[in-house]
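Worksheet: one structure, shown below.
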Amino acid sequence: MTPPLPPDAPPHLTSRMPLAVRFCETDLMGIVHHANYVVYLEAGRIDWLQRRGISYDEMVRRNLHLAVAELRIKYRQPARFGDTLVVETTCREIQRVTARFSYRILRGEDVICDGDILLACLGSSLTLTRIPDDIARLLSSPEVAPAG
Numbered sequence: 000m001t002p003p004l005p006p007d008a009p010p011h012l013t014s015r016m017p018l019a020v021r022f023c024e025t026d027l028m029g030i031v032h033h034a035n036y037v038v039y040l041e042a043g044r045i046d047w048l049q050r051r052g053i054s055y056d057e058m059v060r061r062n063l064h065l066a067v068a069e070l071r072i073k074y075r076q077p078a079r080f081g082d083t084l085v086v087e088t089t090c091r092e093i094q095r096v097t098a099r100f101s102y103r104i105l106r107g108e109d110v111i112c113d114g115d116i117l118l119a120c121l122g123s124s125l126t127l128t129r130i131p132d133d134i135a136r137l138l139s140s141p142e143v144a145p146a147g
């Protein structure tokens, strides 16, 4: 059974992105290589932003970057070639210069892995910069459009 969202995560801050496991993402044991889960989480985050009306390209044009400061993944079950997964992405916390996203990767009702990523907002000189107010509002907003 899928565990419920933590009480501190309003449902409107969660988006779900389907994902099909490709053969090139598997290892010699036939399971998804552990490094590919980081790619899945990033894809989920980019999708999450797009669903709220902003592309990462737009942020870059504004000289804003969200750099990974911390990363945690707990692997629970293997995923295999051909599996259809769902990357569930939640913006959990917004601070002055950081945002924390939590993730679950699901296969049906089974949790394949979960984790979180702390992102630091950087300016064009790659130094910490305050998250602009409009971006902070976006990070606490519901979906406004389908991804893509």
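Going by numbering that gives the first Met the number 0, the final residue of the sequence shown carries number 147, and the count climbs one at a time with no gaps. Glycine included, every Cβ here is placed at the ideal spot set by N, Cα and C.
Nearest C-alpha to residue 125 among 17, 106, 67 and 33: 67.
Distance from the CA atom of residue 30 to the CA atom of residue 80, rounded to whole angstroms, is 7 Å.
DSSP links residue 114 through a beta bridge to 72 and 102.
For residue 61, the secondary structure class from DSSP, reduced to helix, strand or coil, is coil. Between the C-alpha atoms of residue 59 and residue 90 there is a straight-line separation of about 20 Å. DSSP links residue 119 through a beta bridge to 66 and 97.
Sequence-distant partners of residue 15 (beyond 5 residues in either direction) whose C-beta falls short of 6 Å from its own C-beta, in its chain, are 85 and 87. Between residue 52 and residue 137, the gap from beta carbon to beta carbon is short of 9 Å. In terms of Cα proximity to residue 78, the closest of 135, 26, 142 and 50 is 26. A distance below 7 Å between beta-carbons, with the five flanking residues on each side excluded, links residue 73 to the following residues of its chain, in chain order: 112, 113 and 114.
The Cβ atoms of residue 70 and residue 117 lie closer than 9 Å to each other.
Each residue's CA atom was taken as its position, placing residue 11 and residue 101 some 14 Å apart.
Residue pairing for residue 23: DSSP places it in no beta bridge. Per the coordinates, the alpha-carbon of residue 34 lies some 31 Å from the alpha-carbon of residue 143.
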